[in-house]
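Quick note, the sequence shown lines up with residues 7 to 107 if you use our numbering. C-beta: ideal position from N, C-alpha, C; glycine also. Below: one structure, written as structure tokens.
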Amino acid sequence: MKTKLIALLDGLHDRLHKRVLMLLSLALALACGGLVMWDPQALAAKLGGFTVATGLPLIWATCTGFIHGMAFKPRFWLWQLVFFPPFAWVIMIVMLVQAFA
7 MKTKLIALLD
17 GLHDRLHKRV
27 LMLLSLALAL
37 ACGGLVMWDP
47 QALAAKLGGF
57 TVATGLPLIW
67 ATCTGFIHGM
77 AFKPRFWLWQ
87 LVFFPPFAWV
97 IMIVMLVQAF
107 A
């Protein structure tokens with residue numbers, strides 16, 4: 007028997023399982039990952055250094071973007087909550103705006 011939370015998370019993930027949104031996730035993740043791989047020192051200088059407050063969210067958001075961008079949907083409700091794409095989109099967009107500002 008599914009609880010309301012599990013049904014809600016399943017419904018949200020089903021609504022986010024659209025090609026355009028998955029391409030957005032993948033493009034943002036590739037951009038963030040590419041910036042980290044291309045010149046990490048320049049990115050760190052733009053972001054104010056890689057601290058726990060910037061490094062971990064960037065890694066998590068990039069991983070979440072790749073997971074969603076490759077059309078993977080976690081089955082367990084906790085992983086659906088941890089890897090929720092809209093949270094990652096906000097973090098990746100903020101990081102990219104800071105990197106290119």
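| Query | Result |
| --- | --- |
| Trp83 versus His74: straight-line alpha-carbon distance, rounded | 15 Å |
| Whole-number beta carbon distance between Gly71 and Ala35, since they are thought to touch under 8 Å | 3 Å |
| Buried versus exposed call for Leu64 [16 or more other C-beta atoms within 10 Å across all chains shown] | buried |
| Contact between the stretch 46-65 and the stretch 7-16 (3+ Cβ pairs under 8 Å) | no |
| Helix, strand or coil at Pro92 [DSSP, three-state] | helix |
| Opening and closing residue of the alpha helix (DSSP H) in which Gly54 lies | Per DSSP, Gly54 belongs to no alpha helix (DSSP H) and is neither H nor E. |
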